[in-house]
Amino acid sequence: MFALTFTARYLDLFTNFVSVYNSVMKVVYLAAAYATLYLMYVKFKATYDHNHDTFRLEFLILPAAGLALIINHEFSIIEVMWTFSIYLEAVAILPQLFMVSKTGEAESITSHYLFALGSYRALYIVNWVYRYYSEGFYDMIATLAGVVQTVLYCDFFYLYITKGTIFTACHILLSCNVFHNCV
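Rendered as structure tokens:
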């Protein structure tokens with residue numbers, strides 16, 4: 673999901689030069705995302721848990737695409753794809769949370785990874801508040817998607833802090849049977 677997210681977000685790599693740092697960062701994000709896919713599906717295929725990874729991605733991709741076509745800043749390919757990436761990133765972690773909910777446990781590295789992703793998004797909200805007060809800048813699409821993404825992490829944060837890095841009987845938002853009919 674993140675590979676698709678970053679691909680859609682960084683389509684302007686070939687049309688809009690901001691700085692060398694910005695371009696290199698985009699290439700690194702894309703390379704890391706696709707390298708991760710390679711490692712998961714080719715190099716370490718034997719360790720991939722097919723039985724528990726049953727979340728239907730179209731339930732995230734199609735609504736994000738539809739919403740991006742309807743609510744965006746400008747109706748151009750680059751802008752609609754950027755908006756799609758923002759909406760998709762907000763929910764891209766749901767398959768991982770669903771798997772944690774389905775198995776009832778999370779390995780230590782998975783817990784740390786999810787905590788880092790949630791912290792990154794929470795810090796973005798702090799950045800948006802700062803930018804609003806210092807620059808008067810406010811992006812409704814990015815802000816609302818960021819809030820949705822942070823809310824999805826809240827239950828995980830609670831479990832991470834109270835139960836440690838490895839926990840069972842996970843109560844992640846997905847365990848309320850919202851997506852259990854998707855398998």
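673 is the number of the first residue of the sequence shown in my numbering; add one for each residue after it. The beta carbon of each residue, even a glycine, is placed where N, CA and C say it ideally should be.
Query	Result
Measuring straight from C-alpha to C-alpha, what distance separates A675 and G808?	32 Å
Would you decide whether E730 is buried or exposed? Buried here means 16 or more other CB atoms lie within 10 Å of its CB.	exposed
What do you get for G790, buried or exposed, if any count of 16 or more other CB atoms within 10 angstroms of its CB means buried?	buried
Check each candidate in Y805, W754, V820, I781 and name the one with the smallest Cα separation from L685.	W754
In chain order, which beta strand (DSSP E) runs of at least 3 residues are fully inside the stretch 759 to 814?	none
For S695, name the three-state secondary structure that DSSP assigns.	helix
Can you name the start and end residues of the alpha helix (DSSP H) that L732 belongs to?	730 to 742
According to DSSP, is D721 helix, strand or coil?	coil
Would you please state the rounded distance, in angstroms, between the beta carbons of T677 and S748? I believe it to be under 8 Å.	Contact flag wrong, Cβ pair sits at about 19 Å.
How long is the line joining the alpha carbons of I743 and A762, rounded to whole angstroms?	15 Å
Start and end of the alpha helix (DSSP H) containing L711?	Run containing L711: none; DSSP gives neither H nor E here.
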